[in-house]
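One structure below.
Number of protein chains: 2
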Amino acid sequence: MARPRKFEEHDVVVAARRQFTETGYHGTSVEDISRATGLSKGSLYGAFGDKEALFQRVLDDYCTAAEESAATLLDGPEDQALERLRSWLLAPLDHVDRRGCLLARATAELAWEDDAVATRSLAAYETLLDTCRRLVEQAQRAGLVDPAADAEALGGVVLATHRGLEALGKAGMDPETMKRIAGAAVDGIALTAAPVRGRRRRTASA
Amino acid sequence: MARPRKFEEHDVVVAARRQFTETGYHGTSVEDISRATGLSKGSLYGAFGDKEALFQRVLDDYCTAAEESAATLLDGPEDQALERLRSWLLAPLDHVDRRGCLLARATAELAWEDDAVATRSLAAYETLLDTCRRLVEQAQRAGLVDPAADAEALGGVVLATHRGLEALGKAGMDPETMKRIAGAAVDGIALTAAPVRGRRRRTASA
DNA sequence: CACAGTTCTGAACATGCGGTCCACAATACG
DNA sequence: CGTATTGTGGACCGCATGTTCAGAACTGTG
Chain B
0 MARPRKFEEH
10 DVVVAARRQF
20 TETGYHGTSV
30 EDISRATGLS
40 KGSLYGAFGD
50 KEALFQRVLD
60 DYCTAAEESA
70 ATLLDGPEDQ
80 ALERLRSWLL
90 APLDHVDRRG
100 CLLARATAEL
110 AWEDDAVATR
120 SLAAYETLLD
130 TCRRLVEQAQ
140 RAGLVDPAAD
150 AEALGGVVLA
160 THRGLEALGK
170 AGMDPETMKR
180 IAGAAVDGIA
190 LTAAPVRGRR
200 RRTASA
Chain X
0 MARPRKFEEH
10 DVVVAARRQF
20 TETGYHGTSV
30 EDISRATGLS
40 KGSLYGAFGD
50 KEALFQRVLD
60 DYCTAAEESA
70 ATLLDGPEDQ
80 ALERLRSWLL
90 APLDHVDRRG
100 CLLARATAEL
110 AWEDDAVATR
120 SLAAYETLLD
130 TCRRLVEQAQ
140 RAGLVDPAAD
150 AEALGGVVLA
160 THRGLEALGK
170 AGMDPETMKR
180 IAGAAVDGIA
190 LTAAPVRGRR
200 RRTASA
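Going down the list, the protein sequences come from chains B and X. Going by numbering that gives the first Met the number 0, the residue at position 137 of the first sequence is 136; the numbering climbs one at a time, nothing skipped. Going by numbering that gives the first Met the number 0, the residue at position 170 of the second sequence is 169; the numbering climbs one at a time, nothing skipped.
Shown next as structure tokens:
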């Protein structure tokens, strides 16, 4: 008994995400979004509320997608867990367009200017950390990683590297260098390789 | 033969940096800067040009400081190079105030919206990468790291982790977890610990 | 003391913003 | 077909922004 919508809500969210990702929250005007989505401002406000609410919606959508995408890494043989982590680190390098990660932008731009954004961002990072931890645990079960190691911390290294690589890439760092960094992170050759036979347990600090 | 300035230029840059770091570029109005620096808007324009030019100045100042600060890590005995990298990773965690890194904000917010910003940011990251590489080389000479390893890539892992940890911290992640991550990154226990005797040379990919 | 040169100040301006509103169009149902 | 109901898009408002400018304030020199 009423006129149906001419647009798919999720399509609008996706288009808005594009815009926010490219120009940031403060850098994006409602009119920009209107142009990007094809909806007029009136329709936007009618469907989503104000700019902030729309951004929340977009961010939540993005985080969910990122979480689910990472979660798919868990599927597969345990003895290839490290390879899946490696491909996760390398994946962003393939996107030649230098669009960055919305989550990164959101935390940098308004994580503690807006509580809801901060909450959602933190939740996303914790979910991603959990996924990385599980992958490391897979690798441990497969005998690829010391079973006594702190799986969460190791997963955190991958997550932090992932996030850091994205920043370096955004700044324009040479992709070839980044690939070597990603490789080194997963290889975990990192800084262990002390010339001591067998495993070396770290001697705390100084 | 002229009215002297009532302010020290560098003091203004520092105050402006504070403001930009807290509220970002788009989120900071010229009046905010005026309030933060104590200068009237007219004086700001007279001394620095427009808002963008002032930001460039601030960013350059910040990058230089960050580069020099990192460079001091190079001083010290080579067999403690890893400890210095560790403390570098942990340093940001001590600042309880959740102010983030201006460089991170700049790259996230307008790295490729503004060429000059992108150029300076990339230069800063490359300098930092170089510093990390040298530290790893110190560790190699001290016998703490496999001399055959790719020092630049290993330095890059530290740099990326540093950058990533900053993002996680900004989002509000538990500092204790972050310390464990930083520790794991430097320990480099990371993902190597395959249960193979002696060094294991990686077998390329899949 | 008068002048010139420079800086500071604060008001004023144009612009673009986020947000609101409303007349019209399009639909579904009786 | 008529009517109630909802989506639509553009006009509109108040406000904050980045920027400019004319004049006051100040210092050093002749």
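Virtual Cβ for every residue (Gly too), placed ideally from N, Cα, C.
Using the Cα positions of residue i and residue j, report the straight-line distance between them to the nearest angstrom.
i	j	result
X:ASP173	X:GLY45	44 Å
B:CYS100	X:GLN79	36 Å
B:SER86	B:SER120	23 Å
B:HIS9	B:SER33	15 Å
X:CYS131	X:LEU81	10 Å
X:LYS50	B:ARG2	48 Å
B:GLN18	B:ALA35	7 Å
B:THR63	B:ALA123	8 Å
X:VAL12	X:ASP31	14 Å
X:ALA150	X:GLU136	6 Å
B:LYS40	X:ARG16	35 Å
X:LYS5	X:VAL29	19 Å
B:THR71	X:VAL144	34 Å
X:GLY142	B:ASP114	47 Å
X:ALA189	X:VAL116	At X:ALA189, the pLDDT of 38 sits below 50, so the modelled position is not reliable; the number obtained from the coordinates is stated separately. Roughly 34 Å between the two C-alpha positions.
X:LEU158	B:SER42	45 Å
X:PRO91	X:LEU127	15 Å
X:THR106	B:ALA166	7 Å
X:ALA205	B:THR160	For X:ALA205, the pLDDT reaches just 31, beneath the cut-off of 50, and the residue's location in the model is therefore unreliable, although a value from the coordinates is still provided. Rounded to whole angstroms, X:ALA205 to B:THR160 spans 21 Å at the Cα level.
X:VAL195	B:LEU38	In this prediction, X:VAL195 has a pLDDT of 32, which is less than 50 and means its spatial position is unreliable; nothing more can be read from the coordinates.
B:GLY154	X:ALA14	38 Å
B:ASP60	X:ALA138	44 Å
X:ALA170	B:LYS169	19 Å
B:LEU164	X:ARG83	22 Å
B:SER68	B:ARG104	19 Å
B:ARG198	B:ALA147	Note that B:ARG198 has pLDDT 40, beneath the 50 cutoff, so the model's placement of it is unreliable and no number is given.
X:ALA65	B:ILE180	21 Å
X:ARG140	X:GLY48	48 Å
B:PRO76	X:ARG98	42 Å
B:GLU7	B:ASP93	29 Å
X:LEU73	B:LEU88	29 Å
B:THR20	B:LEU58	10 Å
X:THR118	B:LEU102	23 Å
X:ARG162	X:VAL156	10 Å
How would you list, in chain order, the residues of chain B whose beta-carbon sits under 8 Å from the beta-carbon of residue i?
i	result
X:ARG179	ASP149, GLU151, ALA152, GLY155
X:LYS50	Neighbours of X:LYS50 on chain B: none; closest Cβ ~13 Å, over 8 Å.
X:ALA15	Here the premise fails: no neighbours, minimum Cβ distance about 17 Å.
X:ALA35	Those do not exist, as X:ALA35 stays about 16 Å from chain B at its closest Cβ, beyond 8 Å.
X:GLY45	Result: empty, since nearest Cβ-Cβ is about 26 Å, beyond 8 Å.
For a contact meaning CB atoms closer than 7 Å, what does residue i contact in chain X?
i	result
B:LEU164	ALA159
B:GLY23	HIS25, GLU108
B:THR20	Result: empty, since nearest Cβ-Cβ is about 11 Å, beyond 7 Å.
B:ALA115	Residues of chain X passing the Cβ test: none, with the nearest at roughly 13 Å.
B:GLY182	ALA152
Strictly below 8 Å CB to CB, what residues from chain X border residue i?
i	result
B:ARG104	ALA107, GLU108
B:THR130	Those do not exist, as B:THR130 stays about 14 Å from chain X at its closest Cβ, beyond 8 Å.
Could you work out which residues of chain B lie near residue i, taking near to mean beta carbons separated by less than 7 Å?
i	result
X:TYR124	LEU167, ALA170, MET172
X:SER120	ALA170
X:GLY99	ALA107
Exercise for the section: Take every Cβ of the region 42-57 of chain X, pair it with every Cβ of the region 10-25 of chain X, and state whether three or more of those distances are shorter than 8 Å. Expected result: yes
Practice task
Give the residues from the region 64-94 of chain B that approach chain X closer than 8 Å (Cβ to any Cβ), ordered along the chain.
Solution key: GLN79, LEU81, GLU82, LEU84, ARG85
Handout entry: Cβ contact (3+ pairs, closer than 8 Å) linking the region 167-181 of chain X and the region 165-184 of chain B
Key = no
Exercise for the section: State whether the region 126-145 of chain B contacts the region 106-113 of chain B, with contact taken as three or more CB pairs (one from each stretch) at a distance under 8 Å. Expected result: no
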